[in-house]
Amino acid sequence: MADLRTFLLIVVFSFQLAITSAQPIMLYNFSCLDKLVHSQSHMYQDNLARLLRNLNSTDSRFNNSTMGESPDQVYGLYLCRGDVTEKICRSCVDNATSTIVNNCPSSASALIFYDNCMLRYSNASFFGKLDEWPIVYMYDIYNITGTSVGSFDGVVNDTLNNIAMTAAMGDRLGQKFATMETNYTADNRTLYALEQCTPDLSSGNCYTCLADCIARLPSCCGGKRGGRVLFPSCNIRYEIYPFYANAAAPAPAPAPAPPPPPAAPHRPPPAIGKKKISTAIITGATVATVGFVLLFAMAVVYFIRRKAKNRTDASYFKLVDIASLIAESLNTILALFKLQLIIFPTRIRSAKEDSVWYIREY
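Read in full-length UniProt numbering, the sequence shown has 195 at position 195, and its numbers run on one by one without any break.
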């Protein structure tokens with residue numbers, strides 16, 4: 001693990017990257033719930049396919065729909081995060097609809113969470129109802145530094161409670177969504193918090209849902225640099241880096257005044273064609289290096305994903321940590337070329353509760 005970390009750090013620094021905070025990996029979790037009764041399977045599947053197409057046909061951050069008639073009626077909705085664009089929302093919903101069908105082919109009810117959206121369907125109506133099952137916990141694997149755990153957890157709790165009512169009351173667009181930034185150290189390090197409910201909930205039910213999320217946070221995420229609690233009806237999240245649109249970026253420390261530049265030495269003019277040849281050599285070497293690193297790292301990630309599949313012991317966490325480290329470093333490098341690494345989903349089911357998922361992220 002240490003050797004791998006050292007290798008990745010060398011790769012990153014070789015490209016002279018200035019990293020202020022790691023970019024979060026887009027995680028997802030899906031829950032396949034009630035099994036379909038064989039006699040209703042064909043008609044229900046047809047109605048489900050029509051429902052998902054109908055949900056995909058709208059350009060909004062929230063939509064719910066019903067398709068078919070009892071006993072084959074299906075209910076569905078999606079909710080995109082309140083700060084994302086319609087384009088990002090649409091892309092997320094497209095991915096969610098295909099993934100949930102592929103992974104839950106014989107389920108009467110299913111639910112999937114992404115960073116930017118969630119989607120669910122069921123054979124029973126859930127519109128407007130407060131639903132807190134199943135539960136998904138996500139948390140940063142690293143503990144907070146620079147302040148005491150108790151002080152940090154107190155700031156997290158106060159911040160989330162401060163915006164719960166704002167989210168519950170909704171905005172002029174009907175979204176039940178709110179964000180807030182708060183300093184958590186004397187040197188003005190910033191905490192970023194987000195809360196959201198499905199818009200079909202009443203304000204009272206939304207507030208209750210968010211309060212229940214906040215109450216559960218210490219059991220999974222106490223002292224962690226970031227954490228989330230996700231219910232079907234609402235979700236909360238906090239981080240120590242900006243993760244939503246229009247978040248105020250941390251103020252950089254003032255830079256010292258630069259020294260006066262030295263006098264430029266006299267240099268003979270370069271030979272004709274020399275600059276072009278040097279540039280070509282450097283560019284070719286850079287591209288070759290990036291290509292080698294990408295191929296090597298993707299092969300490692302593929303191997304880890306195969307080994308980690310369906311495992312729930314401690315070694316699973318080690319595999320996830322290695323893969324996450326690789327993905328973070330690659331995303332940093334690929335950002336130079338305006339590319340994005342294929343998402344690496346990491347998830348582990350609790351050995352005690354089938355209804356709860358604990359996800360180690362980053």
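Even for Gly, the Cβ is constructed at its ideal location relative to N, Cα and C.
In angstroms with no decimal places, state the Cα-to-Cα distance between residue i and residue j.
| i | j | result |
| --- | --- | --- |
| N205 | L230 | 15 Å |
| P105 | D46 | 12 Å |
| G226 | M43 | 43 Å |
| L51 | N102 | 15 Å |
| R53 | T97 | 9 Å |
| L77 | G128 | 11 Å |
| residue 364 | T85 | Given a span of 1 to 362 for the chain in the structure shown, any question on residue 364 remains unanswerable. |
| S109 | L130 | 16 Å |
| D140 | C89 | 24 Å |
| C209 | M118 | 16 Å |
| T166 | T190 | 20 Å |
| T159 | L48 | 40 Å |
| P232 | G222 | 22 Å |
| D59 | C234 | 21 Å |
| D94 | N29 | 15 Å |
| Y244 | V37 | 41 Å |
| L79 | Y192 | 21 Å |
| D313 | S57 | Reliability fails at D313, whose pLDDT of 42 lies under 50, so the model's placement of it is uncertain and the value that follows must be treated cautiously. So the two alpha carbons sit approximately 42 Å from each other. |
| L33 | Y241 | 34 Å |
| E132 | T99 | 22 Å |
| M138 | S203 | 25 Å |
Can you tell me whether residue i is buried or exposed, with buried defined as 16 or more other CB within 10 angstroms of its CB?
| i | result |
| --- | --- |
| R81 | buried |
| Y114 | buried |
| S107 | buried |
| S31 | buried |
| V246 | One point to set straight first is that residue 246 is Asn, not Val, in the sequence displayed. Per the 10 Å Cβ criterion, exposed. |
| N143 | exposed |
| S219 | exposed |
| N188 | exposed |
| residue 363 | Here the chain has residues from 1 to 362 only, and residue 363 is not among them. |
| A186 | exposed |
| K87 | exposed |
| A215 | exposed |
| R237 | buried |
| A164 | buried |
| K224 | buried |
| T283 | Residue placement at T283 cannot be trusted, given a pLDDT of 40 that sits under 50; what the coordinates show is reported in the next sentence. So T283 counts as exposed. |
| R228 | buried |
| R61 | buried |
Using DSSP's beta-bridge definition, name the partner residues of residue i.
| i | result |
| --- | --- |
| S60 | DSSP lists no partner for S60. |
| L119 | Y78 and I112 |
| M67 | V74 |
| S91 | Bridge partners of S91: none, in fact. |
| F126 | DSSP output for F126 lists no bridge partner at all. |
| S107 | K35 |
| F30 | I112 |
Task: Validate contact between the region 71–87 and the region 120–127 using beta carbons, cut 8 Å, 3 pairs - done: Result yes; three or more Cβ-Cβ pairs closer than 8 Å.
Open item on the list: Just to confirm the assignment: which complete alpha helix (DSSP H) runs, minimum length 4, are found wholly within the region 128–213?
Closed with: Within the region 128–213, the complete alpha helix (DSSP H) runs of at least 4 residues are 149–169.
Open item on the list: With three or more C-beta pairs closer than 8 Å as the rule, is the region 140–154 touching the region 175–183?
Closed with: Counting C-beta pairs with one atom in each stretch, the region 175–183 and the region 140–154 have fewer than three that are closer than 8 Å, which means they do not touch.
Task: In chain order, each beta strand (DSSP E) run of at least 3 residues that lies wholly inside the region 215–239 - done: Taken in chain order, the complete beta strand (DSSP E) segments of 3 residues or longer contained in the region 215–239 are 227–230 and 234–239.
Task: Meets three-Cβ-pair contact criterion under 8 Å: the region 190–205 and the region 167–178 - done: The region 190–205, when compared against the region 167–178, does touch it at the 8 Å Cβ threshold.
Task: Given 8 Å, three or more beta-carbon pairs between the region 57–68 and the region 149–167 - done: With the rule of 3 Cβ pairs closer than 8 Å, the region 57–68 does not count as touching the region 149–167.
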